[in-house]
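Note sheet for the following structure.
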Amino acid sequence: MRYHGTAANYVVYYSVGSQPQNLNAGAVANETAYASFQKKTYASSRQAAGAVNYSSAASKGLPKVKLSSKITGYENAGGGQRYIAWNEGLWAVSVHGSVVNNTDPKQTAKHTVSLLDQNMLPVPESRGTISFNVHTSTDHTRDQAITWQAGRTVYTLKGQTIDTSVKMATSVK
């Protein structure tokens, strides 16, 4: 594990190595992080809320997609890209797939609904966003993102997998 920053603004990188290392050890700098956690502090709550890319899925007039007995998503497609978006409480959730990569977002969106039913994310002050991407088996980028506001602070957790990202975000107190 490594980090940089101050108490008000920092990033922590989580990685798994072949042997234990001290925090910020030189050997850790070369490891590929499977997750990162960022804290960014703004001058006001209003600025922090503006930094969270929140949108209301239902207000877009898009085709409906049934994700569970309680959740309906809205599908947006074009240019070889497909998105399913919905809102849960103060959270705006979106799942991205690609026609080119043959990655359909619907099953991942349903899985996300199930994960959110089983795991309690931090409650945002005014808004939070969840942005997940469907990957092929060889794609391991750290782009499964959960972002939320707490006062003047915005927290962002990014992970390689959706499950890891959700479980790590639920541990934030």
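Residues in the sequence shown are numbered consecutively from 859, following our numbering. We put the CB at the ideal spot given by N, CA and C, even for glycine. Computed from a predicted model, the values in this text were never measured in an experiment.
Going by DSSP, K922 is part of the beta strand (DSSP E) stretching over 922 to 924. Going by DSSP, Q1007 is part of the beta strand (DSSP E) stretching over 1002 to 1008. Closest option to V870, judged by alpha-carbon separation, among G931, T890, V910, A935: T890. When secondary structure is reduced to three states using DSSP, H969 falls in the helix class. The beta-bridge partner set that DSSP reports for S989 consists of S952, A1003. The Cβ atoms of T994 and T961 lie closer than 8 angstroms to each other. Taking C-beta atoms as the reference points, R904 and L881 fail to come closer than 8 angstroms.
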